[in-house]
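Step one of this worksheet: look at the structure below.
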Amino acid sequence: MPQSRGKNLQVATVEFFLLTQDLTQALNSQELELWAVTYWSIWNARNKFVHDAVMIHPSLIFDNAMRLLQDFHRVLAAQRLPSPS
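Add 147 to a position in the sequence shown, counting from 1, and you land on the number used in the numbering used here.
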């Protein structure tokens, strides 16, 4: 890896860490969950474009993020239910 690219990755990592740290202090838990799943969905769509040449419309990226978050909450709710005796 070229020296300048490694330096850019280090700066990007620090900036992402600082952004995440600021957001954890500024957002409530629901807002933070929404930000995290949306950010991940954007990153995932970017990877599909770069590696598979598949472009996903931004509204679908957000819809997928919302669906993922809803699925996560459904699983959490199901785990809290008492098991049948």
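For every residue, glycine included, the Cβ atom is placed at its ideal position computed from N, Cα and C.
If you compare the alpha carbons of Q226, A183, A224, L223 with that of A212, the shortest gap goes to A183.
Here M213 carries a helix assignment [DSSP, helix/strand/coil].
Taking all protein chains shown into account, S188 has 16 or more neighbouring C-beta atoms within 10 Å of its C-beta and is therefore buried. Going by DSSP, V197 is part of the alpha helix (DSSP H) stretching over 176-199.
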